[in-house]
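J.:
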Amino acid sequence: MRSLIISDIHANLAALDAVLRRDWDVDELWCLGDVVGYGAEPLECIESLMTCTLPFRSVAGNHDLAAVGELALARFIPEGQEAIGWTASRLAGPRRRWLKRSALLELPEYGATLVHASPIDPVWMYINSIEAAGAAFADLNTQIGLFGHTHTPIIYYVDGSGQPDIFRPCAGQRIDLDVLGKPLLLNPGSVGQPRDGDPRSSCAVLDLDAHWAEFHRFTYSVEHAQGMIRAAGLPESLAERLAFGV
Ligand code: ZN
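Residue 242 in the numbering used here sits at position 242 of the sequence shown; the count goes up by one each step and never skips.
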């Protein structure tokens, strides 16, 4: 079983296209949530994933749940709230139903868990430190956890001495997961709003039989995504940040 792992698309169709148009040698497409929010092409991104020919498994992110009215807006930054309101007013019918799903999905047959944020709190908690990862391992029921939400490609793992540790992958690098140790928590980075200082779209491929992961980055038309955000009248900061990967 080999999966293409994507997360945090954030209604950025140009970035999603840059990933999906590749000729991937994978069996399934797994998405870790936040298909919508921040960006200005939410319906197009949902449509693209709904019509994808690969078998698709997904969890919902905090922006997805807020856009379908399942999560209060209070904890979102003001720009995020504005984009969610704009998105919610355009969502209806099958696309809205498609977006509404659980934020955590265990796949015991593959020894993997898909979660948007953290096994402790699937919707909101950020795994952004070794300490946070160490706590999250206690609630992870499989050997591999796949998470998004922080918009940063990373692997946290438990080393041979039982201590949590961190691995920062490079683009194009294939990582032997048996060398790192398990359990592990892997974040493929963000397709549509990277926050690690690299504006390129981020994703990962995970081979659950051969135990490796690859991280990939792709350039896309940031200008197109910015133009759509400006044309929609969404906050300028949401357009500007895409150029810097923050
Ligand atoms: Zn997100």
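The beta carbon of each residue, even a glycine, is placed where N, CA and C say it ideally should be.
By DSSP, does G39 sit in helix, in strand, or in coil?
T.: Here G39 sits in coil by DSSP.
J.: If you drop the 5 nearest sequence neighbours on each side, which residues of the same chain put their C-beta closer than 6 angstroms to that of F56?
T.: Contacts found: L29.
J.: Report the residue from S58, M125, V36 whose alpha carbon sits nearest the alpha carbon of G80.
T.: G80 has its Cα closest to that of V36, out of S58, M125, V36.
J.: Assuming A232 contacts P199 under a Cβ cut-off of 8 angstroms, what Cβ separation, rounded to an integer in Å, is found between them?
T.: Wrong, their Cβ atoms sit about 20 angstroms apart, outside the cutoff.
J.: Taking Cβ positions, are Q143 and K182 nearer each other than 9 angstroms?
T.: The answer is yes: Cβ separation under 9 angstroms.
J.: Of the residues D139, L114, A40, H224, which one's Cα is nearest the Cα of L206?
T.: Taking only the C-alpha atoms, the option nearest L206 is L114.
J.: Pull every residue with its beta-carbon under 5 angstroms away from any heavy atom of ligand 1, and keep them in chain order.
T.: Here the list is D8, D34.
J.: From the DSSP output, which residues share a beta bridge with P164?
T.: Paired residue(s): V158.
J.: What's the C-alpha gap between E236 and A40?
T.: Those two C-alpha atoms are separated by around 12 angstroms.
J.: Report yes if the C-beta distance between P188 and A204 is below 9 angstroms; otherwise report no.
T.: Taking 9 angstroms as the Cβ cut-off, P188 and A204 qualify as a contacting pair.
J.: Note down the Cα distance separating P42 from F76, rounded to an integer number of angstroms.
T.: Straight-line Cα distance between these residues: approximately 18 angstroms.
J.: Taking only three categories from DSSP, how would you classify N62?
T.: DSSP places N62 in helix when its eight states are reduced to three.
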